[in-house]
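**Student:** Each protein sequence line maps, in turn, to chains P and F.
Quick note on numbering: the first sequence equals residues 1 to 231 in our numbering.
Quick note on numbering: the second sequence equals residues 1001 to 1231 in our numbering.
Every residue gets a Cβ at the ideal spot worked out from N, C-alpha and C, and that includes glycine.
My questions will all concern the structure given below.
2 protein chains.
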Amino acid sequence: MEEMGKKCDCDQCQLKTLFFSHIGTDELSDICEIKREENFAPGEILINEGEPIREFIYLKEGLVKLSKRTKNSKEQILSFSKPFDFVSLLSVFSSDIYKYSVTALQPTTICMINLEVVKIFAQRNAMFAMDLMSRISEATDKIILDNLEIKRKNLKGRVAHLLIYFADNIFNNSEFELPVSRREIADYIGMTTENVIRALSEFRKDKIIKIYGKDIQVLDMQRLEIISELG
Amino acid sequence: MEEMGKKCDCDQCQLKTLFFSHIGTDELSDICEIKREENFAPGEILINEGEPIREFIYLKEGLVKLSKRTKNSKEQILSFSKPFDFVSLLSVFSSDIYKYSVTALQPTTICMINLEVVKIFAQRNAMFAMDLMSRISEATDKIILDNLEIKRKNLKGRVAHLLIYFADNIFNNSEFELPVSRREIADYIGMTTENVIRALSEFRKDKIIKIYGKDIQVLDMQRLEIISELG
DNA sequence: ATTAGGACATGATAATTATCACACGATAAT
DNA sequence: ATTATCGTGTGATAATTATCATGTCCTAAT
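The following block contains the structure:
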């Protein structure tokens, strides 16, 4: 968790157009002055469930998991998020404490702005507020739709779904390094670790994927898609 | 689906304070002029998945289900909503077509306002926009949290969870008439109809509930809660 | 160097859930 | 009146998933 960025490069920020598109250049430099950038190594916790929400946070770079702890302290994973799928947005306007934890899975950079400042901006600039709303809706809609998809599949279908998700949405490559453990996959799809491992092993035996530890190579995407669809 | 309400009684509306609290009396009478009220009988469809979103809709009275159709045309139920848990909000700002269907389970009254008008209000009145955001976040947070709860439970725990939900959140009574079929319960908790029936039968045999068709009487709420928690 | 713990892996067995078959009553359609 | 359909209900059996046991490999801690 290392402090960064004194210089104001917000106008260079790739994310600027995404949800600051309705903020003028002068206002943007104001934001630039007060924003803070932070880096997190894989495994580091960005946000801890139960903490008060003080900052508005968005993902600039990296990959994170959103999770929640059950009463018997097991972890349930809600979603994985990359830049543009926002993070702190979820509970920001419905609660004053975080309902979910956020943990880095890959080296991650976030940008933080004091929440009160964002609220003032939103009150002054309705188009900005509308943009925020769209982002909230999109992020939560994704989570809800994805969870529905997973719910209707069986073990193999769920694991296939996840592999396709990483290949197509996160890495844009049929070969990638799993950024999560087998247990995390289990916590996400709602099955046991053993069964996740078994499903992966079967995919390997059926020559649908190759496995070298965390490295996955999808050999037969078509079959994986069929399994995800019918499973 | 019967047209209603010419007279402007928005200032009498119980919901007014909830999300129109930042709209002045003069603006409110403008809204009142353009709003439309509609009634739906149980089983009638308020919103059909795939339809364009033209109206901003909120529940004034009644009970609805939010659902989505899978590719093999099975129904998945996302949530049940009563007034204050908003409805059309979900996809309103993230898409221009509805991603979910909404169906009345009990006699239901909705209030509709042209979406463009609402957007103009939101742009003019930032506090109103902030209120809207809170509502969206709350509604979606509820769905996400509830689905997580269900995910970690087994068959009996899920059925118990649903019974408690109806008793405590919808009817405020340990005795109530199920507003849904056994199949709809199954579509909600992600199990088969037969197993939902079996779970209910077992609760009956164990004297935890009484069943007269759709009428349910919870005899032992404590035991039901234990089942919901541990199940 | 040794120990402890965690991630990955596999097999055996138990528990849970789905599927199929059948039945009955109510209701809608003709 | 009769057929068809749907919701409810139960039992038998099959399929799926969880649990428990065990082992290996790797890494962190001492």
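Is the beta carbon of T108(P) closer than 8 Å to that of V180(P)?
**Tutor:** Not a contact, by the Cβ cut-off of 8 Å.
**Student:** Check whether the Cβ of Q1123(F) lies closer than 8 Å to any Cβ atom in chain P.
**Tutor:** Answer yes: the Cβ-Cβ gap between Q1123(F) and chain P drops below 8 Å somewhere.
**Student:** What residues match up with C1111(F) in a beta bridge as DSSP calls it?
**Tutor:** Per DSSP, E1037(F) and Y1058(F).
**Student:** So, does the stretch 1016-1036 of chain F touch the stretch 171-191 of chain P, judging by three or more C-beta pairs under 8 Å?
**Tutor:** Counting Cβ pairs under 8 Å, fewer than three are found: no touch.
**Student:** So for K99(P), helix, strand or coil by DSSP?
**Tutor:** K99(P) falls in the coil class under three-state DSSP.
**Student:** Going by the CB atoms, is the gap between V1087(F) and L1115(F) shorter than 8 Å?
**Tutor:** No, they are not a contact pair.
**Student:** For P1083(F) and L1059(F), which I take to be in contact (beta-carbon distance under 8 Å), what is that distance rounded to the nearest angstrom?
**Tutor:** Right, their Cβ atoms sit about 5 Å apart.
**Student:** Please go through the stretch 114-181 of chain P and give each complete alpha helix (DSSP H) segment of 4 or more residues, from N-terminal end onward.
**Tutor:** Within the stretch 114-181 of chain P, the complete alpha helix (DSSP H) runs of at least 4 residues are 115-124, 126-151 and 155-165.
**Student:** DSSP beta-bridge partners for A104(P)?
**Tutor:** DSSP output for A104(P) lists V64(P) as bridge partner(s).
**Student:** Anyone know if the C-beta pair for I216(P) and F176(P) falls short of 8 Å?
**Tutor:** For I216(P) and F176(P), yes; Cβs fall inside 8 Å.
**Student:** Run through DSSP, which three-state label would F20(P) get?
**Tutor:** It is coil, neither helix nor strand.
**Student:** Applying a beta-carbon distance threshold of less than 8 Å, which residues of chain P neighbour Q1076(F)?
**Tutor:** Those within 8 Å of Q1076(F) in chain P are L148, K151 and R152.
**Student:** Alpha carbon to alpha carbon, how far is E37(P) from S101(P)?
**Tutor:** Each residue's alpha carbon lies about 19 Å from the other.
**Student:** Could you check the C-alpha separation between L155(P) and Q1106(F) for me, to the nearest Å?
**Tutor:** Near 36 Å, if we compare the C-alpha coordinates of Q1106(F) and L155(P).
**Student:** Taking the CB atoms as reference points, tell me whether G62(P) and A104(P) lie closer together than 8 Å.
**Tutor:** Yes, the Cβ-Cβ distance between G62(P) and A104(P) is below 8 Å.
**Student:** For chain F, is any of its Cβ atoms less than 8 Å away from the one on S73(P)?
**Tutor:** Output row for S73(P): interface = no.
**Student:** Within 10 angstroms of its Cβ, does Q14(P) collect 16 or more other Cβ (buried), or is it exposed?
**Tutor:** Exposed, because fewer than 16 other Cβ atoms sit within 10 Å of the Cβ of Q14(P).
**Student:** Identify, in the order they occur along the chain, each residue of the same chain with its Cβ nearer than 8 Å to the Cβ of E2(P), setting aside the five sequence neighbours on each side.
**Tutor:** Low per-residue confidence applies at E2(P): pLDDT is 46, beneath 50, and the placement is therefore not dependable enough to give any value.
**Student:** Are the C-beta atoms of A1160(F) and some chain P residue less than 8 Å apart?
**Tutor:** It does not; no Cβ of chain P falls within 8 Å.
**Student:** Along the stretch 125-143 of chain P, what residues have a CB closer than 7 Å to any CB found in chain F?
**Tutor:** Within the stretch 125-143 of chain P, the residues whose Cβ lies closer than 7 Å to some Cβ of chain F are A126, M127, A129, M130, L132, M133, S134, I136, S137, E138, T140, D141 and I143, listed in chain order.
**Student:** What residues of chain F sit near G231(P), judged by a beta carbon separation below 8 Å?
**Tutor:** Within 8 Å Cβ-Cβ: nothing; G231(P) doesn't reach chain F, min ~12 Å.
**Student:** Across the stretch 1122-1140 of chain F and the stretch 123-130 of chain P, are there enough close Cβ pairs to call them in contact, namely three or more that are closer than 8 Å?
**Tutor:** Output reads yes: the stretch 123-130 of chain P touches the stretch 1122-1140 of chain F.
**Student:** Can you tell me where the alpha helix (DSSP H) holding F203(P) begins and where it ends?
**Tutor:** Looking at the DSSP string, the run of the alpha helix (DSSP H) that includes F203(P) is T193 to K205.
**Student:** So what's I1226(F) in DSSP terms, helix, strand or just coil?
**Tutor:** Looking at I1226(F) - three-state DSSP - the assignment turns out to be helix.
**Student:** At a CB-CB cut-off below 7 Å, which residues of chain P make contact with G1043(F)?
**Tutor:** Ordered by position in chain P, no residue passes the 7 Å Cβ test against G1043(F), which lies about 22 Å from the chain.
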